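Note sheet for the following structure.
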Amino acid sequence: MLANIGQLLTLQFSSGKPGPRRGPDLKELGIIEDGVVLCLGGKIVSVGTTEDALRDPWLKRNRKKITEIDCAGKVVLPGFVDSHTHPVFISPRLVDFEERIKGTSYEEIAAAGGGIRSSMEGVRRAGKRVLVERVLAVLRDMAAHGTTTVEAKSGYGLTVESEMKSLEAIREAASQWPGTVIPTLLGAHVVPKEFQGRSQKYVEIVCKEMIPQAAKRKLARFVDVFCDQGAFTAAETEQIFEAAGQHSLSVRAHVGQLSETVLRPLLRFNPASFDHMDHVNEDDIAELARRNTVATLVPGANYFLGLKEYPPARKLIDAGVAVALATDYNPGTSPTVSMPMAMSLACTHMKMSPAEAIAAATINGAWALRIAERKGTIEPGKDADLSVFAVDDYREIPYWFGANRCSMTVVNGVVV
Ligand code: NIG
Ligand code: FE
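Quick note on my numbering: the sequence shown kicks off at 974 and runs consecutively.
Shown next as structure tokens:
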């Protein structure tokens, strides 16, 4: 039992509206002052004020049997759902980092053979054990920053064998971590150099080999495509989404990061999420506002690439699009495990309020992964995923940027 909670952000909100949080509902945190949360068997069983808890007859009888954690007036919220990460790689990309500082752009570096392609060799050569260790270390680091659910993509192997190896590494690391991991096949991250000028051939491998194998071996829940300039076209993305559907895998895509991606043709595949969304047109915004496809914004990428522009969060939220926040942890554009950092950037550069950033990092992240029935809020019946922050007011979570104020994480009922 977590007791003596100064601010308990339940994110419970009974608007009666099904689906992800949108518009003004995004800032409803369901705060209980002086709160208590009781967890049993990895689930949340009751949530209320200390006063409620003191009156509860079951609690009175069983108090001695329960492990009580005194939160000393701190803030407790649902564990973060980081719905977009690329943890399967070997080395940081320090050359790209320095090149960009000198003024070369991400696209120029990629066109010259740097970028995603330069992470491939390490993954192709690596033994699975090393990859498992890398992923596990990242998961642990994420939990230390308050994250309890992580979507993890493959995407730096780009051969059938090394994409399957990456997904296996995700599965093995996940089995050694108490949190929840949702695996995604990102075989269509970029066209590898051996297929340069023959992207159709590579797309066929993704559709006819990677997707069927990942589905058959239950190595992935989602198929992702980087649908943007220099990566895959909308037509290729449709082809890949079609194959995913045939194998009962849901889809999501990286869109509009470098240039505008036309989203309409992709909507018939009912994607769980469109991610990045730096460049998006008014028509698509209006259409997304009518759907449950979440716009997952990853401001860490804009920050790390040194961009002046950020995704139009205000416009999206005000239009009624469901917005989530994620780290986009990866070696090229966003080497951070910190959801509070992503939230801080959302506040300072995208003008989201601290309350909106918290809902976008929890319940809407859960919607983006289609697991909102068990994640993203603190309410009876949901998984016991909670984070404790050593602050008095929830607004301090995005405020103290660059320092980790997470003092404890409860992951599926396990304290880490
Ligand atoms: O989300 N945009 C594509 N994928 C990553 C970057 C991957 C990389 O540069 O290694 C992203 O930003
Ligand atoms: Fe990404």
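The beta carbon of each residue, even a glycine, is placed where N, CA and C say it ideally should be. All figures in this text were calculated on a predicted structure; none of them were measured in a lab.
Cβ of residue i within 7 Å of any heavy atom in the ligand NIG?
{"i": "Q1230", "result": "yes"}
{"i": "H1227", "result": "yes"}
{"i": "T1395", "result": "A query on residue 1395 cannot be resolved here, the shown segment of the chain reaching from 974 to 1389 and no further."}
{"i": "F1199", "result": "yes"}
{"i": "H1059", "result": "yes"}
{"i": "T1306", "result": "yes"}
Between residue i and residue j, which are expected to be in contact by the criterion C-beta below 8 Å, what is the C-beta distance as a whole number of angstroms?
{"i": "L1236", "j": "M1323", "result": "That pair is no contact at about 20 Å."}
{"i": "H1220", "j": "P1185", "result": "6 Å"}
{"i": "T983", "j": "T1350", "result": "6 Å"}
{"i": "A1125", "j": "T1058", "result": "6 Å"}
{"i": "T1122", "j": "D1055", "result": "7 Å"}
{"i": "C1379", "j": "A1117", "result": "7 Å"}
{"i": "G1021", "j": "I1005", "result": "7 Å"}
{"i": "L1318", "j": "P1272", "result": "4 Å"}
{"i": "F1362", "j": "V1048", "result": "5 Å"}
{"i": "M974", "j": "I1042", "result": "7 Å"}
{"i": "R1368", "j": "P1327", "result": "4 Å"}
{"i": "A1207", "j": "T1234", "result": "7 Å"}
{"i": "G1095", "j": "S1135", "result": "Contact flag wrong, Cβ pair sits at about 10 Å."}
Could you pull the DSSP bridge partners for residue i from this structure?
{"i": "T1157", "result": "K1126, F1195"}
{"i": "Q1011", "result": "First, the amino acid is wrong: residue 1011 is Leu here, not Gln. BP columns for L1011 point to S1019."}
{"i": "F1053", "result": "T1120"}
{"i": "R1225", "result": "D1197, S1246"}
{"i": "Q980", "result": "E1006, V1048"}
{"i": "A1142", "result": "DSSP output for A1142 lists no bridge partner at all."}
{"i": "T1058", "result": "Y1302"}
{"i": "L975", "result": "V1010, I1042"}
{"i": "L1270", "result": "L1298"}
Can you tell which of the options has its C-alpha closest to the C-alpha of residue i?
{"i": "R1225", "options": "V1296, T1210, S1246, R1066", "result": "S1246"}
{"i": "D1248", "options": "S1139, A1341, K1075", "result": "A1341"}
{"i": "Q985", "options": "V1105, I1331, G1095, I1178", "result": "I1331"}
{"i": "Y1079", "options": "Q1202, T1335, N1265", "result": "Q1202"}
{"i": "P991", "options": "A1345, V1364, I1370", "result": "A1345"}
{"i": "W1373", "options": "I1082, P1156, A1187, M1314", "result": "M1314"}
{"i": "E1081", "options": "L1278, D1366, G1375, C1320", "result": "L1278"}
{"i": "V1228", "options": "E1209, F1199, L1240", "result": "F1199"}
{"i": "K1038", "options": "R1073, L1011, V1105, R1028", "result": "L1011"}
{"i": "F1205", "options": "G1046, S987, E1072, F1168", "result": "F1168"}
{"i": "A1142", "options": "L1231, P1060, P1151", "result": "P1060"}
Look at the Cβ atom of residue i, then the Cβ atom of residue j, and state whether they are nearer than 8 Å.
{"i": "A1268", "j": "A1295", "result": "yes"}
{"i": "P1304", "j": "V1018", "result": "no"}
{"i": "G1014", "j": "G1386", "result": "yes"}
{"i": "K1166", "j": "R1097", "result": "no"}
{"i": "E1211", "j": "P1238", "result": "yes"}
{"i": "V1196", "j": "L1140", "result": "no"}
{"i": "F1053", "j": "T1120", "result": "yes"}
{"i": "V1383", "j": "L1359", "result": "yes"}
{"i": "L1192", "j": "A1146", "result": "no"}
{"i": "V1292", "j": "A1334", "result": "A small correction: the amino acid at residue 1292 is Ala; Val does not occupy that position in the sequence shown. For A1292 and A1334, no; Cβs fall outside 8 Å."}
{"i": "L999", "j": "I1370", "result": "no"}
{"i": "G979", "j": "G1087", "result": "no"}
May I ask you to check if the CB of residue i is nearer than 7 Å to at least one heavy atom of the ligand FE?
{"i": "D1114", "result": "no"}
{"i": "N1275", "result": "no"}
{"i": "N1303", "result": "yes"}
{"i": "D1248", "result": "yes"}
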